[in-house]
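Numbering (full-length UniProt numbering), first residue to last: 1 to 537.
As C-alpha cells, this is what we get:
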C-alpha cells in the first residue's frame, strides 16, 4: 500500500503543478487589474533639481551648465599619455621637493628624507567640463572641472637617530575647480608668457595615510582634522584672487615691447673722402636700430664739406638692449641718381651704461665683415654721443600686469615727452559697398601710418603696433583712425572708407594703458579694437 500511495502521490503532484501553470498563464494574459494606474511620463526638463539629482547622481557640468564644454578628446589624450605624464610629473615634483626637503632636514636635524616609491598610479584625472572666457585682452582664461580618483603610491622614508619611519600615501581623491589664465599671448612659442592658476573654491581632497603600515586615518578625529587642514592651507595660498604665477618666457623679449629710449646726438664727421667731381662731398647720416622695422632717422645734408658738423639729436625706441645695436651710414647726397655710401659702423647697446652719456669716435668702414681687407682703407671718422634711458620698472610692470590697471598717473612722472604706442588688434562687421579689403590709417599730429591690407574679410585681424615719439604728453590731442578698403580692380572706386573714429588721448596719458573697442562713424555696425599705451620718458 505504501508503494502505490507514493506513486499516485507523485503523479498527482505533477498533474497539479501543470494545471496550476496553465491557469496562472491564462489569468496573467486575459485578466487586467483594476487598481493599477499607468505611470505618468514627464520630460526631463520639467523635473525639479532634486529629482534629477536622484536619477542622475553624477551629472557632468556640460549638461548642467551650458557654459561648460565637453572635453572628451582631452580625457582621451591624457589617458593615452598618462604613463609618460606620470613619470614626467613625478620627476618634476621630486626636483621641486628636493630643496624644500633639504631645508627642513637642516631645521629639524633629520638624517635623510627619501622617496622610496613615487608614482601617481594607473588612473589619470578626468575633466568633467571646461569653461572658456572671452576678453579683449591678450589672454586666455579657462576654468576646468577636474576630478581624480587615483591609486598613487607615495612612500617617504625618514631617518633620524638611526631609526627609520615610512609614511605611505594611497587612494587619493581630489575635486578641483581651478582658473587657468595664459597671458600675455605672444608671437613666440609656446605663444604665452605666464601661467596664472587660482582655485575658485576650496578643493576636496581625500587620501589614505599609513605610518609603518598602520592606517592613521582610522584614528578618531584625525581624518576630519587633516581634511580641513589641507583645505585651509591650499585655500590660503591659491584661492582666488590669490594666484600661483609661473613664468614661461620673458614677456619683454617675447613681445618686443619698448623698454627704453636711445638719445643719439650726431656731432660731426672728420676727414671724409671726396666723392664729387669738383673735389668735395655732400654728406648726411642715416641712423637705425637693428631688429626694428621703423624708418631710419636722417640728418641734414652738409653741402661741399669733408669735415661737417651736425650737432643734431634723435630719439630711437629700444626693445632689447642686450641684442640690438645702433647702425649708422654716411652717404654723399646726389641731386640726380643714387646716393653714394661713404662708410658705416655700429655700436652694440649692451656697451652703454644706463643714464650715462658716452661719446664715440668711430672709423667709417665699408661693411662689418672683420675679414674684408677693404675695411683697412681710411674713409674718415664720425663722432656720436649716445645716452640710453630705460623706462622705469613700475612702467614696465604695468605693461604686462594687465589685470591691475592703474587709474592715476604714476608718481614722479616728468612733465616732458614720451612714447605713444598704438596697437591695432582687429575690426568687426566692416563692410564696403563695392569691395571689402580693409586696412587702417592712423593720423597723429600730421604723421600717418598704415597697417597691411587684408583682402575679402569683414572681420580683419592685424595685431600691428605703431609708435609715436612726442615732446609732451598728448593730453589735448586726438588720434584719427580710419578703416579703408582698396581695390586695384575697380578703376572708378579704388578707395572706399569703411568708417572712422577720433580717439582722445587724455585718458591714456592718465591711465598709461587703455584697451577698448570703438564704434566706427559712418559704418552700420563696424567696430575696431585699439590698445593705447603711454610711456613717459
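From the three backbone atoms N, C-alpha and C, an ideal C-beta is built for every residue, glycine too.
Quick caveat: nothing in here was measured; it's all calculated off a predicted structure.
> To which residues does DSSP link residue 346 through a beta bridge?
Replying inline: Mapped onto the chain shown, residue 346 falls at position 346. As DSSP reads the structure, residue 346 sits in a beta bridge with 327.
> Is it true that the CB of residue 325 sits closer than 7 angstroms to the CB of residue 344?
Replying inline: Taking the chain shown and counting its residues from 1, one reaches residue 344 at position 344. Taking the chain shown and counting its residues from 1, one reaches residue 325 at position 325. No, the pair does not count as a contact, with Cβ atoms beyond the cut-off.
> Do you know offhand how far residue 384's Cα is from residue 449's?
Replying inline: Working through the chain shown from its first residue, we reach residue 384 at position 384. Working through the chain shown from its first residue, we reach residue 449 at position 449. Distance between the alpha carbons of residue 384 and residue 449: 29 angstroms.
> Hey, out of 160, 67, 134, 76, whose CA is closest to residue 112's CA?
Replying inline: Residue mapping note: residue 112 aligns to position 112 of the chain shown, counting from 1. Answer by Cα proximity: 160.
> Roughly how many angstroms lie between the CA atoms of residue 186 and residue 386, to the nearest whole one?
Replying inline: As a first step, residue 186 is located in the chain shown; it is residue number 186 there, counting from the start. As a first step, residue 386 is located in the chain shown; it is residue number 386 there, counting from the start. The alpha-carbon atoms of residue 186 and residue 386 are separated by roughly 31 angstroms.
>> Pairs of beta-carbons, one from the region 253 to 272 and one from the region 432 to 445, closer than 8 angstroms: are there three or more?
In response: With fewer than three CB-CB distances shorter than 8 angstroms, the region 253 to 272 does not count as touching the region 432 to 445.
>> Between which residues of its own chain and residue 205 is the CB-CB distance below 6 angstroms, once the five residues before and five after are set aside?
In response: Within the chain shown, the letter at position 205 stands for residue 205. 174, 230.
> Candidates 315, 320, 367, 304: which alpha carbon is nearest residue 291's?
Replying inline: The sequence position of residue 291 within the chain shown is 291, counting from 1. Here the closest residue by C-alpha is 320.
> Are the region 443 to 457 and the region 476 to 488 touching by the rule of at least three beta carbon pairs closer than 8 angstroms?
Replying inline: The region 443 to 457, when compared against the region 476 to 488, does touch it at the 8 angstroms Cβ threshold.
>> If you reduce the DSSP assignment to three classes, tell me which class residue 82 lands in.
In response: Along the chain shown, one-based indexing puts residue 82 at 82. Collapsing the DSSP output to three states places residue 82 in a helix.
> Is the CB-CB distance between residue 526 and residue 430 below 7 angstroms?
Replying inline: By 1-based counting over the chain shown, the position of residue 526 is 526. By 1-based counting over the chain shown, the position of residue 430 is 430. Result yes, Cβ atoms of residue 526 and residue 430 sit closer than 7 angstroms.
>> I'd like the span of the beta strand (DSSP E) that includes residue 506, first residue to last.
In response: Counting from 1 along the chain shown, the entry for residue 506 is found at position 506. Per DSSP, residue 506 lies in no beta strand (DSSP E); the unbroken alpha helix (DSSP H) holding it starts and ends at 506 to 511.
>> Going residue by residue through the region 285 to 323, where are the continuous beta strand (DSSP E) segments of at least 3 residues, counting only ones entirely within it?
In response: Runs of beta strand (DSSP E) with 3 or more residues, each lying fully within the region 285 to 323, are found at 309 to 318, listed in chain order.
> Going by other Cβ atoms of all chains shown within 10 Å of its Cβ, with 16 needed for buried, is residue 539 buried or exposed?
Replying inline: Given that the chain is displayed from residue 1 to residue 537, the structure contains no residue 539 and the question cannot be resolved.
>> Quick check: residue 508 and residue 532, are their CB atoms within less than 7 angstroms of each other?
In response: Here residue 508 is taken as the residue at index 508 of the chain shown, counted from 1. Here residue 532 is taken as the residue at index 532 of the chain shown, counted from 1. Yes.
>> Is the beta carbon of residue 287 closer than 7 angstroms to that of residue 297?
In response: Residue 297 sits at position 297 when you count from the first residue of the chain shown. Residue 287 sits at position 287 when you count from the first residue of the chain shown. Their beta carbons are under 7 angstroms apart, which means residue 297 touches residue 287 by this criterion.
> What is the residue span of the beta strand (DSSP E) that residue 360 lies within?
Replying inline: On the chain shown, position 360 is the one that residue 360 refers to. Counted as a single uninterrupted DSSP element, the beta strand (DSSP E) harbouring residue 360 occupies residues 358 to 363.
> Are the region 150 to 165 and the region 132 to 142 touching by the rule of at least three beta carbon pairs closer than 8 angstroms?
Replying inline: The region 150 to 165 makes no contact with the region 132 to 142, as fewer than three CB pairs between them are under 8 angstroms.
> In whole angstroms, what is the alpha-carbon distance linking residue 535 and residue 315?
Replying inline: The sequence position of residue 535 within the chain shown is 535, counting from 1. The sequence position of residue 315 within the chain shown is 315, counting from 1. Each residue's Cα considered, the two are about 14 angstroms apart.
> Are the beta-carbon atoms belonging to residue 123 and residue 86 less than 7 angstroms from one another?
Replying inline: Position 123 of the chain shown, counted from the start, is the residue given in the question as residue 123. Position 86 of the chain shown, counted from the start, is the residue given in the question as residue 86. Contact: no.
> Nearest CA to the CA of residue 238: which residue from 420, 225, 178, 207?
Replying inline: Counted from its first residue, the chain shown places residue 238 at position 238. Of the candidates 420, 225, 178, 207, the one whose C-alpha sits nearest the C-alpha of residue 238 is 178.
> In angstroms, rounded to a whole number, what distance separates the CA positions of residue 452 and residue 462?
Replying inline: As a position in the chain shown, residue 452 is number 452, starting the count at 1. As a position in the chain shown, residue 462 is number 462, starting the count at 1. A direct Cα-to-Cα measurement between residue 452 and residue 462 gives close to 7 angstroms.
> Taking the continuous beta strand (DSSP E) assigned at residue 336, which residues delimit it?
Replying inline: One-based indexing of the chain shown puts residue 336 at position 336. Premise fails: residue 336 is in no beta strand (DSSP E) and is neither H nor E.
> If you follow the beta strand (DSSP E) that residue 204 is part of, which residue opens it and which one closes it?
Replying inline: Counted from its first residue, the chain shown places residue 204 at position 204. Counting along the chain, the beta strand (DSSP E) containing residue 204 begins and ends at 204 to 211.
>> Is the separation between the beta-carbon of residue 310 and that of residue 266 shorter than 7 angstroms?
In response: Here the question's residue 310 lines up with position 310 in the chain shown. Here the question's residue 266 lines up with position 266 in the chain shown. The beta carbons of residue 310 and residue 266 sit closer together than 7 angstroms.
> Hey, would you say residue 275 sits closer than 7 angstroms to residue 379, going by beta carbons?
Replying inline: By 1-based counting over the chain shown, the position of residue 275 is 275. By 1-based counting over the chain shown, the position of residue 379 is 379. No, Cβ-Cβ distance for residue 275 and residue 379 is not below 7 angstroms.
> How big is the Cα-Cα spacing for residue 405 and residue 284?
Replying inline: If you number the chain shown from 1, residue 405 lands on position 405. If you number the chain shown from 1, residue 284 lands on position 284. At residue 405, the pLDDT of 37 sits below 50, so the modelled position is not reliable and the matter cannot be decided from this model.
> Is DSSP giving residue 88 helix, strand or coil here?
Replying inline: Here residue 88 refers to the residue found at position 88 of the chain shown. Correct three-state label for residue 88: helix.
> From which residue to which residue does the beta strand (DSSP E) around residue 457 run?
Replying inline: Position 457 of the chain shown holds residue 457. Neither: residue 457 is in no beta strand (DSSP E) and is coded neither H nor E.
> Are the beta-carbon atoms belonging to residue 390 and residue 317 less than 7 angstroms from one another?
Replying inline: Along the chain shown, read from residue 1 onward, the residue named residue 390 stands at position 390. Along the chain shown, read from residue 1 onward, the residue named residue 317 stands at position 317. Taking 7 angstroms as the Cβ cut-off, residue 390 and residue 317 do not qualify as a contacting pair.
>> Quick check on DSSP: helix, strand or coil for residue 135?
In response: On the chain shown, residue 135 is found 135 positions in, with the first residue counted as 1. In the displayed model, residue 135 falls within coil according to three-state DSSP, outside both helix and strand.
> Going straight from the alpha carbon of residue 357 to that of residue 388, what length do you get?
Replying inline: Position 357 of the chain shown, counted from the first residue, corresponds to residue 357. Position 388 of the chain shown, counted from the first residue, corresponds to residue 388. The alpha-carbon of residue 357 is positioned some 8 angstroms away from that of residue 388.
> Helix, strand or coil: how does DSSP classify residue 494 here?
Replying inline: Position 494 of the chain shown, counted from the start, is the residue given in the question as residue 494. In the structure shown, the three-state DSSP call for residue 494 is coil.
> How would you write the range of the beta strand (DSSP E) that residue 184 sits in, first residue to last?
Replying inline: In the chain shown, counting from the first residue as 1, residue 184 sits at position 184. Membership of residue 184 in the beta strand (DSSP E) is indicated by the continuous run 178 to 185.
>> Can you find the residues in the same chain that come closer than 7 angstroms, C-beta to C-beta, to residue 203, ignoring five residues on each side of it along the sequence?
In response: By 1-based counting over the chain shown, the position of residue 203 is 203. Cβ within range, chain order: 174, 175, 176, 231, 234.
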